[in-house]
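J.: Numbering (our numbering), first residue to last: 15 to 120. C-beta atoms are modelled at their ideal positions from N, C-alpha and C, and glycine is treated no differently. If you scroll down you'll find the structure; I have some questions about it.
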Amino acid sequence: MTVKTFRKKPVDVEAVKFTGWSSAVEIQTWLPGTLFVPRGYEHHLRYKREYDRSNGNVYPEIAPSFLVIASAAGPARVDEGDWIIKDGEIVSFCNTSTFTQTYEAV
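Below is the structure:
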């Protein structure tokens, strides 16, 4: 047996950064089925810290807007500043730090 070294083939992907309402409209066109959840609106993907524990209402001042995308793992929350990545039919997302370490513009 001879051990050889291999390099992973580079794969081109499409990606867009979610920066708020203006980019949400473009993302919804690019990725049909994407849902925009406005600041302060109720949604089951909200974090517990975004709710007032005394009455269960959403804190409008700390509950930011976000997108909901259909990922391989099911519905996923994409916050402002996150990147949405499309590799063929596979959709995923990551934060800016991970994106810049993993991808480069072509």
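Determine the burial state of TRP97: buried for a count of at least 16 other Cβ atoms within 10 Å of its Cβ, exposed for fewer.
T.: Counting Cβ neighbours within 10 Å, TRP97 comes out buried, since at least 16 surround it.
J.: In or out: ILE83 buried (at least 16 other Cβ within 10 Å) or exposed?
T.: So ILE83 ends up on the buried side.
J.: List the endpoints of the continuous alpha helix (DSSP H) containing VAL72.
T.: That residue, VAL72, is in no alpha helix (DSSP H); it is neither H nor E in DSSP.
J.: Consult DSSP for ARG60 and reduce its assignment to one of helix, strand or coil.
T.: Residue state, collapsed to three classes: coil.
J.: Can you give me the start and stop residues for the beta strand (DSSP E) that SER106 sits inside?
T.: Looking at the DSSP string, the run of the beta strand (DSSP E) that includes SER106 is 104-108.
J.: With the cut-off set at 7 angstroms, would you say ARG53 and SER79 are in Cβ contact?
T.: Yes, Cβ-Cβ distance for ARG53 and SER79 is below 7 angstroms.
J.: Look at the alpha carbon of PHE107 and the alpha carbon of LYS23, and state the distance between them as a whole number of angstroms.
T.: Their Cα atoms are separated by approximately 21 angstroms.
J.: Count the C-beta pairs between the segment 43-50 and the segment 65-77 that are closer than 8 angstroms, then say yes if the count reaches three, no if not.
T.: No, because fewer than three Cβ pairs between the segment 43-50 and the segment 65-77 fall closer than 8 angstroms, the two stretches do not touch.
J.: Are the CB atoms of VAL27 and ASP93 within a distance shorter than 7 angstroms?
T.: Taking 7 angstroms as the Cβ cut-off, ASP93 and VAL27 do not qualify as a contacting pair.
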